[in-house]
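For what it's worth, the UniProt record's numbering labels the leading residue of the sequence shown as 1, then goes sequentially. Notes follow the structure.
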Amino acid sequence: MRSRPEVLILGAGYAGLMAASRVLRSQLANVTIIDSSPRFEQRIRMHEVLAGRSVKSPKYSDWLPGKSVRMVVDRVCDIDPQSKQVITESGCYTYDYLLFALGSEVDQSAIPGASEFAVSIGRQAANAELSGKLRNLNNVQGKLVFIGAGLTNLESATELAETFPSLNITLISSGTLFKDFSVPGREYLWSACRRLNIELVEKRNVTRVLENSVQLDDGSRVEADLTVVAPGFRASKLGQKMASAWSEIMVDKKGRILCYPDLSASVDQTIWVAGDACHRTTELQRLYRMGCALALPMGAQAGENIVRHIQGQVTEAFRFGYIFRCVSLGRKDALIQWTDERDVPREKITTGRRAVRIKEWICKLTYYAPKWELKTGIRCYYWPKPEPAALDATEWPYDAG
Numbered sequence: 001m002r003s004r005p006e007v008l009i010l011g012a013g014y015a016g017l018m019a020a021s022r023v024l025r026s027q028l029a030n031v032t033i034i035d036s037s038p039r040f041e042q043r044i045r046m047h048e049v050l051a052g053r054s055v056k057s058p059k060y061s062d063w064l065p066g067k068s069v070r071m072v073v074d075r076v077c078d079i080d081p082q083s084k085q086v087i088t089e090s091g092c093y094t095y096d097y098l099l100f101a102l103g104s105e106v107d108q109s110a111i112p113g114a115s116e117f118a119v120s121i122g123r124q125a126a127n128a129e130l131s132g133k134l135r136n137l138n139n140v141q142g143k144l145v146f147i148g149a150g151l152t153n154l155e156s157a158t159e160l161a162e163t164f165p166s167l168n169i170t171l172i173s174s175g176t177l178f179k180d181f182s183v184p185g186r187e188y189l190w191s192a193c194r195r196l197n198i199e200l201v202e203k204r205n206v207t208r209v210l211e212n213s214v215q216l217d218d219g220s221r222v223e224a225d226l227t228v229v230a231p232g233f234r235a236s237k238l239g240q241k242m243a244s245a246w247s248e249i250m251v252d253k254k255g256r257i258l259c260y261p262d263l264s265a266s267v268d269q270t271i272w273v274a275g276d277a278c279h280r281t282t283e284l285q286r287l288y289r290m291g292c293a294l295a296l297p298m299g300a301q302a303g304e305n306i307v308r309h310i311q312g313q314v315t316e317a318f319r320f321g322y323i324f325r326c327v328s329l330g331r332k333d334a335l336i337q338w339t340d341e342r343d344v345p346r347e348k349i350t351t352g353r354r355a356v357r358i359k360e361w362i363c364k365l366t367y368y369a370p371k372w373e374l375k376t377g378i379r380c381y382y383w384p385k386p387e388p389a390a391l392d393a394t395e396w397p398y399d400a401g
């Protein structure tokens, strides 16, 4: 290993930037960050972009300190853990430590016709362009169909219903709508959608997306001038590609990389994973869900553990205690679903203007926490941690099979 180790971070989202801030703060390593975009995108505000609102998207160069860090705008093509190299479209990068934080993407593969006749909520520029189409649809009272009723589609549907009240919006779920919320939470989400004139369809699978409609498993069709598909998310396909080439790396059915409690994915602790690309379970074997709520602390923990390993110290297991889930329901309403530390919903909910303020505070936190840490070098982000796990940080937590 060189006198000053090279830390290579793939992905400059919430997890990647927080990891970079913690490694840079130590002043013990050189950091290279690779991302396909030159700008930071606030993924949790993409529903606002769809509605035509301006959302900050700063250049990474405005945040990153010049010393000991390099930002590379490029697309990763392959990873070779044996030679410790990452191959991009325009070059090759060698690392001592690799953090895989490439996030997730909409999984359209399970629905025939989705790639031809549907759109997904993706990068900010594409969403801004889509906003113009939605405005035109609103002018002619067009029909907009969302496939999938997760938070991404729910927040988008309610935001658009409020902004474009002439749109006819349908939200289709393959299962029971809002089943992960408490009874008061579910009732409030149903009432909010009814208030915004969103048609809800539950327990119906979409079997095919057609040019002007979607076909359901009962044979019926729902007319659609535009279809937005987000039935679920899967991790970057590069994780699966790396696992296929190197037996030590394993992924789950959504492409998330399985890791040790300290977020390392290799025995020698040179490969780390954080954010949506990470398959990490709690003590009770509950899988941490995707989202920025976990990306920020996972990135920070992975960065700190890389520093510990550089220093020859014992790494620490990742611990996170949930407090609530927040759902935007337009600019004037929101739902805060309070949970226990295991993410099990309590009966308590907060709604209306107070919930809007809490949700906005969370959105600002996810923007300013990495920005402030990168620009100042001061640790300002902390997260709730339950009691220490009984499992050793470097003990493989999964069954041998």
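The C-beta atom is built at its ideal place from N, Cα and C for all residues, glycine as well.
Looking only at its chain, what residues have a beta carbon closer than 6 Å to the beta carbon of residue i, apart from the 5 residues adjacent to it on each side?
i	result
Ser-166	Asn-138, Gln-141
Gln-124	Glu-41, Val-49, Ser-57
Ile-87	Cys-77, Asp-78
Tyr-95	Glu-6, Leu-8, Lys-84
Met-1	Only weak support is given to the placement of Met-1: the predicted model assigns it a pLDDT of 48, under 50, and the question is left unresolved by the model.
Where do the ends of the alpha helix (DSSP H) carrying residue i lie?
i	result
Thr-176	Neither: Thr-176 is in no alpha helix (DSSP H) and is coded neither H nor E.
Ile-310	292 to 310
Tyr-97	Unbroken run through Tyr-97 is the beta strand (DSSP E), 97 to 100; no alpha helix (DSSP H).
Asp-242	As written in the sequence, residue 242 is Met, which differs from the Asp given in the question. Its alpha helix (DSSP H) spans residues 237 to 245.
Met-18	14 to 26
Trp-190	183 to 195
Arg-135	124 to 139
residue 479	Past the boundaries of the shown model lies residue 479; the chain is included only from 1 to 401, so the question cannot be answered.
Thr-163	151 to 163
Met-46	46 to 50
Give the range of the beta strand (DSSP E) segment to which residue i is assigned.
i	result
Phe-146	143 to 147
Cys-92	92 to 94
Glu-199	199 to 201
Gln-215	213 to 216
Glu-6	6 to 10
Val-76	76 to 80
Ser-104	104 to 106
Glu-223	221 to 223
Trp-383	Trp-383 -> no beta strand (DSSP E), and no H or E assigned at all.
Find out if the Cβ-Cβ distance for the pair residue i, residue j is shorter than 8 Å.
i	j	result
Met-298	Gly-275	yes
Ser-115	Ala-235	no
Leu-365	Ala-302	no
residue 402	Val-228	With the chain running from 1 to 401 in the structure shown, residue 402 is simply not present.
Trp-272	Pro-81	no
Tyr-14	Cys-380	no
Glu-159	Ala-51	yes
residue 438	Arg-25	There is simply no residue 438 to check, as the chain begins at 1 and stops at 401 in what is shown.
Ala-300	Met-18	yes
Pro-184	Ile-310	no
Gly-11	Leu-102	yes
Gly-321	Pro-370	no
Arg-280	Phe-324	no
Asn-205	Ala-224	no
Glu-162	Gly-16	no
Thr-270	Leu-98	yes
Glu-248	Ser-220	no
Ile-257	Phe-100	yes
Ser-131	His-47	no
Ile-147	Val-55	no
Using a Cβ-Cβ cutoff of less than 8 Å, which residues in the same chain neighbour residue i once the five nearest sequence positions on both sides are dropped?
i	result
Asn-30	Arg-4, Pro-5, Glu-6, Val-7, Ser-68, Val-69, Arg-70
Cys-363	Gln-42, Ile-44, Arg-45
Leu-226	Val-119, Lys-133, Leu-134, Leu-137, Gly-142, Lys-143, Leu-144, Val-145
Arg-64	According to the sequence as given, residue 64 is Leu; it is not Arg. Ala-20, Ile-33, Met-71, Leu-374.
Val-201	Thr-170, Leu-171, Ile-172, Ser-173, Leu-216, Val-222
Pro-112	Thr-207, Arg-208, Val-209
Phe-117	Val-209, Leu-210, Glu-211, Thr-227
Excluding the 5 residues flanking residue i on each side, which residues of the same chain have their C-beta closer than 7 Å to its C-beta?
i	result
Gln-240	Val-251, Gly-255
Arg-346	Ser-182, Trp-338, Thr-339, Asp-340
Lys-59	Pro-38, Arg-39
Met-290	Ser-104, Phe-233, Asp-276
Asp-218	Arg-204
Ser-90	Asp-74
CB of residue i to nearest heavy atom of the ligand NAD: below 7 Å?
i	result
Ala-125	In the structure on display, the ligand NAD does not appear, and there are no ligands present to speak of.
Contact criterion: CB-CB distance below 8 Å. Does residue i meet it with respect to chain B?
i	result
Arg-280	The structure shown contains no chain B; it holds only a single protein chain.
Is the stretch 66 to 79 in contact with the stretch 33 to 53, if contact means three or more CB pairs nearer than 8 Å?
yes
If contact is defined by three or more beta carbon pairs under 8 Å, each pair taking one atom from either stretch, is the stretch 139 to 146 in contact with the stretch 162 to 170?
yes
Just to confirm the assignment: which complete beta strand (DSSP E) runs, minimum length 3, are found wholly within the stretch 298 to 373?
324 to 328, 334 to 339, 345 to 351
The stretch 320 to 338 touching the stretch 172 to 190, judged by at least three CB pairs closer than 8 Å:
yes
Within 8 Å, do at least three Cβ pairs link the stretch 306 to 315 to the stretch 286 to 294?
no
Counting Cβ pairs closer than 8 Å, one from the stretch 195 to 202 and one from the stretch 343 to 358, do we hit at least three?
no
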